[in-house]
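Undergrad: Numbering (my numbering), first residue to last: 472 to 733.
The beta carbon of each residue, even a glycine, is placed where N, CA and C say it ideally should be.
For reference, the structure I am asking about is given below.
Okay, structure coming up:
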């Protein structure tokens, strides 16, 4: 019987700077399971990106793609793809601005072009092989999340604002220096949590959500207890019920112990 659920963002929350789960966090994940608490990932990453983390952390459940793709107890429950008409329109606009895009589903990723920004993101930030260039990927496969490669600069933010105005049916999250995450409007980590919590065996189970970034705000507000990392953005810390230490100094096990989950 699950007596609580603990949900973890990845970058700058559960993962260290090498994009690995730190040993103290691995131990905490296993201690949660031993205490009948279900550990679950809550991330902008996609399900294919999580296999090694599942193995290392003893995990089998995740709210992925910012809520657009969900796995529970090893079963792929749900995916909410973005419509092809919207993708065609946004790709056309991105090409006009000479901006790269990436397409994700639960199996893999492709990009519309390769440039310095895509290399910084995949090779540098997330430390993955660079995806193939397949501009018409979305014509053949579902896409549950996209990346728009606009930098966190005044010029990049201005371009991002143009896209937001042109596509109100999409939600935009700034989660990295070179990219914005795009999903269907109304899809958040919190909507993914609400979908899961409708399961009979989870109804009434308390939830504890950890995060640091803009795409964590909704789930920190929706959880029974929202926990901001010590390195969280000010707007994220402002909505949390509790703030723990940072991601490099035991913030997760300290908070889990504080709430008697381990």
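(1) Alpha carbon to alpha carbon, what distance is there between residue 632 and residue 498?
(2) Enumerate, from N- to C-terminal direction, the unbroken alpha helix (DSSP H) stretches of 4 or more residues contained entirely within the segment 490-550.
(3) What number of angstroms, rounded off, separates the C-alpha of residue 566 from the C-alpha of residue 676?
(4) Are residue 664 and residue 690 close, meaning C-beta to C-beta below 7 Å?
(5) Can you tell me whether residue 732 is helix, strand or coil according to DSSP?
(6) For residue 584 versus residue 573, is the C-beta distance shorter than 7 Å?
(7) Return helix, strand or coil for residue 736, following the three-state DSSP convention.
(8) Quick one: what's got a C-beta closer than 7 Å to residue 702's C-beta in the same chain, skipping five residues either side?
(9) What are the uninterrupted segments assigned as beta strand (DSSP E) that are 3 or more residues long and contained completely in the segment 545-631, given in chain order?
(10) Taking the straight line between their C-alpha atoms, what separation do you get for residue 708 and residue 692?
(11) Kindly give me the distance between the Cβ atoms of residue 504 and residue 481, rounded to whole angstroms, as I take these residues to be in contact under 8 Å.
(12) Give every residue of the same chain whose Cβ lies closer than 8 Å to the Cβ of residue 530, excluding the five residues on either side of it in the sequence, and list them in chain order.
(13) What does the alpha-carbon distance come out to for the pair residue 474 and residue 496?
(14) What number of angstroms, rounded off, separates the C-alpha of residue 613 from the C-alpha of residue 508?
(15) Just mark residue 667 as buried or exposed, buried being the case when its beta carbon has 16 or more other beta carbons within 10 Å.
(16) Determine the closest residue to residue 617 out of 720, 704 and 577, with distance taken between C-alpha atoms.
(17) Once DSSP output is grouped into helix, strand and coil, what is the label at residue 666?
(18) Using DSSP's beta-bridge definition, name the partner residues of residue 653.
(19) When you compare only the Cα positions, how much space is there between residue 695 and residue 553?
(20) CB residue 611 to CB residue 519, shorter than 7 Å?
(21) Would you check if the segment 586-604 and the segment 547-561 touch, i.e. whether three or more CB-CB distances between them fall below 8 Å?
TA: In short:
(1) In the chain shown, the residue the question calls residue 498 occupies position 27. In the chain shown, the residue the question calls residue 632 occupies position 161. Near 42 Å, if we compare the C-alpha coordinates of residue 632 and residue 498.
(2) DSSP runs (the alpha helix (DSSP H)) wholly in the segment 490-550: 494-505 and 522-528.
(3) Here residue 566 refers to the residue found at position 95 of the chain shown. Here residue 676 refers to the residue found at position 205 of the chain shown. Spanning the two alpha carbons is a distance of roughly 46 Å.
(4) Locating residue 664 in the chain shown gives position 193, where the first residue counts as 1. Locating residue 690 in the chain shown gives position 219, where the first residue counts as 1. In contact: residue 664 and residue 690 (Cβ atoms closer than 7 Å).
(5) Here residue 732 refers to the residue found at position 261 of the chain shown. Looking at residue 732 - three-state DSSP - the assignment turns out to be coil, as it is neither helix nor strand.
(6) To locate residue 584, count along the chain shown from 1; it is residue 113. To locate residue 573, count along the chain shown from 1; it is residue 102. No, the pair does not count as a contact, with Cβ atoms beyond the cut-off.
(7) Residue 736 lies beyond the range of the chain shown here (472 to 733); nothing can be said about it.
(8) Locating residue 702 in the chain shown gives position 231, counting from the first residue. 483, 683, 717 and 718.
(9) List check, beta strand (DSSP E) in window: 546-550, 572-575, 580-582 and 616-619.
(10) Looking up residue 708 in the chain shown gives position 237. Looking up residue 692 in the chain shown gives position 221. Cα to Cα, residue 708 sits roughly 11 Å from residue 692.
(11) Working through the chain shown from its first residue, we reach residue 504 at position 33. Working through the chain shown from its first residue, we reach residue 481 at position 10. So it is not a contact: roughly 19 Å between Cβ atoms.
(12) Position 59 of the chain shown, counted from the first residue, corresponds to residue 530. Within the same chain, residue 530 has close Cβ partners 500, 510, 511, 512, 521 and 524.
(13) Here residue 474 refers to the residue found at position 3 of the chain shown. Here residue 496 refers to the residue found at position 25 of the chain shown. A direct Cα-Cα distance of roughly 20 Å separates residue 474 from residue 496.
(14) As a first step, residue 613 is located in the chain shown; it is residue number 142 there, counting from the start. As a first step, residue 508 is located in the chain shown; it is residue number 37 there, counting from the start. So the alpha carbons of these two residues sit roughly 33 Å apart.
(15) Here the question's residue 667 lines up with position 196 in the chain shown. Taking every protein chain shown into account, the CB of residue 667 has 16 or more other CB atoms within 10 angstroms, so this residue is buried.
(16) Along the chain shown, one-based indexing puts residue 617 at 146. Taking only the C-alpha atoms, the option nearest residue 617 is 577.
(17) The count along the chain shown starts at 1 and reaches residue 666 at position 195. Helix, per DSSP.
(18) In the chain shown, counting from the first residue as 1, residue 653 sits at position 182. According to DSSP, residue 653 bridges with 617 and 643.
(19) For the purposes of this step, residue 695 is identified with residue 224 of the chain shown, where counting begins at 1. For the purposes of this step, residue 553 is identified with residue 82 of the chain shown, where counting begins at 1. About 29 Å.
(20) In the chain shown, residue 611 corresponds to position 140, counting from 1. In the chain shown, residue 519 corresponds to position 48, counting from 1. No; because the gap between Cβ atoms is not below 7 Å, this pair is not in contact.
(21) no
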